[in-house]
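K.L.:
Could you have a look at this structure, given as structure tokens, before my questions?
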């Protein structure tokens, strides 16, 4: 009845289109594809053949990250106004240099490898984006086929700003220890501190004297995988509204591609949608 695509980024679109043509529902791991046009090819193929398409963006479903989304309730911290994430980490132990990951024509680029999780979570926190600016830094490790230092700012329709900066040769943090957001909200703020074996979440209202600290010993991987896959099955079998569709995947790729395009032009702002001619009245703002 369905296929799960867990192959390399550069074959996601090809496999999804073929599966849809065979009448199979599609669950595809993030990143959805390398580019927005590839994403739309997947969407149109699934729509034409009447099959479901879900992209597995699990970060927003993991309890520590889902908790930050909950904190934006007006009774707690209120709307998020600004977020900053510094995702500098030591990628050397993963030996990506001689694999497809380091080739932007195959992987998509820096954020496709390191940042895709956070960028999707930005959308879960802030809604739809309208503008992206980015700059590349000096090349640190020549073995990467793309610039390996990048700073990007995402401006959302709500006015919220979210910044994401990253490098791949920062020896102090392992991958799992990077990507901890700091956020300022209408009624206070939060800070997530990831460790190798647990995650600490601090948050405080402006009218409180001391911060709350919530410790997560379960990092939430199994919970997130279970939620997305069970929702996919129920969507296919019962047509129940799922926690994720293709929308999250396409809009995440759009933000990543916009960041690359901005950085390649020296920081020129990129207005969204990035490919208005492909939208065809289907903006993907709702499921």
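Residue numbers (the working numbering): 41 to 327. Virtual Cβ for every residue (Gly too), placed ideally from N, Cα, C.
Could you please give the first and the last residue of the uninterrupted beta strand (DSSP E) stretch that includes residue 240?
P.N.:
Counted as a single uninterrupted DSSP element, the beta strand (DSSP E) harbouring residue 240 occupies residues 239 to 245.
K.L.:
Once DSSP output is grouped into helix, strand and coil, what is the label at residue 176?
P.N.:
In this structure, residue 176 counts as strand in the three-state DSSP scheme.
K.L.:
Determine the contact status of residue 120 and residue 299, defining contact as a CB-CB distance below 7 Å.
P.N.:
No.
K.L.:
State yes or no: is the C-beta of residue 185 within less than 7 Å of the C-beta of residue 127?
P.N.:
Taking 7 Å as the cut-off, the beta carbon of residue 185 is found no closer than this to the beta carbon of residue 127.
K.L.:
Per DSSP, what kind of secondary structure is residue 74 in: helix, strand or coil?
P.N.:
coil
K.L.:
Short of 8 Å in beta carbon distance, which residues of its chain neighbour residue 323, apart from the five on each side in sequence? Order them along the chain.
P.N.:
Low local confidence applies: a pLDDT of 48 at residue 323 is under 50, so the model's placement there is unreliable, with the coordinate-based value given in what follows. 313.
K.L.:
Mind checking who residue 224 pairs with in its DSSP beta bridge?
P.N.:
122, 229
K.L.:
Among 235, 237, 255, which one has its Cα closest to the Cα of residue 243?
P.N.:
255
K.L.:
Taking buried to mean at least 16 other C-beta atoms within 10 Å of its own C-beta, is residue 279 buried or exposed?
P.N.:
exposed
K.L.:
Output yes or no for whether 7 Å exceeds the beta carbon distance between residue 220 and residue 211.
P.N.:
no
K.L.:
For residue 41, which residues from the same chain have a beta carbon less than 8 Å from its beta carbon, with the 5 sequence-adjacent residues on both sides left out?
P.N.:
64, 65, 276
K.L.:
Alpha carbon to alpha carbon, how far is residue 175 from residue 112? Give it in angstroms, no decimals.
P.N.:
29 Å
K.L.:
Should residue 236 be labelled buried (16 or more other beta-carbon atoms within 10 Å of its own) or exposed?
P.N.:
Result: exposed.
K.L.:
Residue 212 lies in the beta strand (DSSP E); which residues open and close that run?
P.N.:
Run containing residue 212: none; DSSP gives neither H nor E here.
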